[in-house]
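Numbering (this note's numbering), first residue to last: 3 to 135.
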């Protein structure tokens with residue numbers, strides 16, 4: 003496989019991971035944050051306007067699992083040791099810049115996924131444990 007083909011594959015997978023991790027944020031973290039801020043009516047209005055959010059919330063385990071697999075494969079492609087850039091200085095500079103942006107997008111995706119995971123799975127049990135209710 004040529005370096006440009008691999009670079010295109012990495013870039014596509016990185017953007018797909020960002021999209022998937024943003025889906026976890028939209029399905030789970032934002033509604034919980036709105037309800038915690040007292041904006042339950044906003045969540046109800048959004049849920050009735052955009053019904054696929056309810057479906058995402060019902061299947062949040064699958065959403066988180068799929069996005070975790072995408073993030074893991076994206077991370078593997080970005081941080082593996084066999085990664086090479088072309089010998090041509092101009093192409094090497096482009097390759098390095100692309101790698102830098104791919105890594106930034108990857109870490110943004112991981113952060114978004116972590117926020118969504120915390121809100122969907124850890125926030126309520128932590129609140130119950132802290133308040134003793």
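Here a beta-carbon is modelled for each residue, glycine too, at the ideal position from N, C-alpha and C.
Around the C-beta of residue 114, 16 or more other C-beta atoms lie within 10 Å, and the residue is accordingly described as buried. Note that the region 15-26 touches the region 68-77; at least 3 beta-carbon pairs, one per stretch, sit closer than 8 Å. If you draw a straight line from the Cα of residue 58 to the Cα of residue 11, it comes to about 27 Å.
Taking 4 residues as the minimum length, the alpha helix (DSSP H) runs contained wholly in the region 50-95 are 54-60, 62-81, in order along the chain. Residue 47 and residue 112 have their C-alpha atoms some 29 Å from each other. By the Cβ neighbour-count rule, residue 20 is buried, with 16 or more other Cβ atoms within 10 Å of its own.
In the DSSP annotation of this structure, the continuous segment of the alpha helix (DSSP H) that includes residue 34 starts and ends at 32-38.
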